[in-house]
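Asks: Pasting a structure here, questions to come.
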Amino acid sequence: MNDHQLLRYSRHILLPQIDVHGQEKLTQSSILIIGAGGLGSPSALYLAASGIGRITICDHDIVDLTNLQRQIIHTNDAIGLAKTQSAKKTLNQINPEIEVHTRHERITENTLLDLLPSVDAVVDASDNFTTRHAINRACILHKKPLISGAVVRFEGQVSVFDLRYSHNPCYHCLFPLEGEDDNLHCATMGVFAPLAGIIGCTQAAETIKILLGIGETLNGRLLLLDGLTMKWRTINLKKDPACTVCGPQHQKKLTEIHSIDV
2 MNDHQLLRYS RHILLPQIDV HGQEKLTQSS ILIIGAGGLG SPSALYLAAS
52 GIGRITICDH DIVDLTNLQR QIIHTNDAIG LAKTQSAKKT LNQINPEIEV
102 HTRHERITEN TLLDLLPSVD AVVDASDNFT TRHAINRACI LHKKPLISGA
152 VVRFEGQVSV FDLRYSHNPC YHCLFPLEGE DDNLHCATMG VFAPLAGIIG
202 CTQAAETIKI LLGIGETLNG RLLLLDGLTM KWRTINLKKD PACTVCGPQH
252 QKKLTEIHSI DV
């Protein structure tokens, strides 16, 4: 790194768990953020500020006035713009030294299969189960760590599914697709604005820990936050041997993924 970068990231470099070597690793890392909304906003902001070298943001939506209450990457001037365009502008202002790539499109499994080989981790900041399950399948296929978060009303949750290793649980182990479809959208249920920041920032922290191989990640643990009481609960997760997605008898089916709109 040059002198300017050493100064910019000096507070990271002072941490022995990161140091110069770790910061250089971050500047050489590539991540995919799916969703530039309530969770994607704080995740992207902190990952960009932390010096992640290449960030790809995928979102099909445009900025609306109702987004501004919690989607802090967008400003009033961005209303009517593609969220990816707005996010890229903000991230470039925060850290012009990183690469920000955008995909203004609705995620399909073919899109995921195209993007995942070149990234080191995936941040799932989407807002529906169909997309989350598609992301999970693609991450299993390409053995990528998945950092998952969700918020609705005053409730938040965050976990890591380190799918680089076959013995770890996947998202489907926790929320089987065959189960009850409980898609809760903030457009109809509401969301407490600071909660999106808390969960999104946690996703950013877990992503950096995964990239650097430091600390203990949330792999195998689901954190649940009640925003009204600020009480955290932890649920330990184990791989479901009968999982119809990551189970040994089912993984080979992933190579036959067909393109579906999510």
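Going left to right, the sequence shown walks through residues 2 to 263 as this note's numbering numbers them.
C-beta atoms are modelled at their ideal positions from N, C-alpha and C, and glycine is treated no differently.
Remember, it's a predicted structure, so these values are computed and weren't measured experimentally.
(1) Suppose the cutoff is 6 Å on Cβ atoms and the five residues either side in sequence are ignored; what does the same chain contact list for residue 163 look like?
(2) In the DSSP output, which residue or residues are listed as bridge partners for residue 31?
(3) What is the residue span of the alpha helix (DSSP H) that residue 96 lies within?
(4) Using the three-state DSSP reduction, which class does residue 146 fall into: helix, strand or coil?
(5) Are at least three pairs of beta-carbons, each pair with one atom in the stretch 107 to 121 and one in the stretch 80 to 94, less than 8 Å apart?
(6) Where residue 64 and residue 202 are concerned, what is the direct C-alpha to C-alpha distance, given to the nearest angstrom?
(7) Of the residues 136, 99, 103 and 238, which one's Cα is nearest the Cα of residue 47?
(8) Using only CA atoms, which one of 50, 167 and 178 lies nearest to residue 135?
(9) Quick one: grab the DSSP three-state call for residue 21.
(10) Could you check the C-alpha separation between residue 17 and residue 206 for me, to the nearest Å?
(11) Which class does residue 60 belong to by DSSP, given the choice of helix, strand or coil?
(12) Which residue or residues does DSSP assign as beta-bridge partners of residue 156?
(13) Using only alpha-carbon positions, find the residue among 70, 37, 127 and 123 that is nearest to residue 142.
(14) Whole angstroms are fine: how far does the CA of residue 88 sit from the CA of residue 42?
(15) From 133, 139 and 130, pick the residue whose C-alpha is nearest to that of residue 118; which is it?
(16) Thinking just about the alpha-carbon of each residue, which of 198, 244 and 34 is nearest to the one in residue 101?
(17) On a Cα-Cα basis, can you pick out the residue from 15, 234, 19 and 11 that is closest to residue 216?
(18) Is it buried or exposed, residue 243, if we count other Cβ atoms within 10 angstroms and call 16 or more buried?
(19) Go to residue 111, then tell me how far its alpha helix (DSSP H) extends in each direction, as first and last residue.
(20) Can you tell me the Cα-Cα spacing of residue 3 and residue 210, whole angstroms?
(21) Exposed or buried, which one is residue 172 when buried takes at least 16 other CB atoms within 10 Å?
Replies: Let me spell this out:
(1) 146, 169 and 220
(2) 55
(3) Residue 96 -> no alpha helix (DSSP H), and no H or E assigned at all.
(4) strand
(5) no
(6) 21 Å
(7) 99
(8) 178
(9) helix
(10) 16 Å
(11) coil
(12) 153 and 227
(13) 123
(14) 8 Å
(15) 139
(16) 34
(17) 19
(18) exposed
(19) 110 to 116
(20) 24 Å
(21) buried
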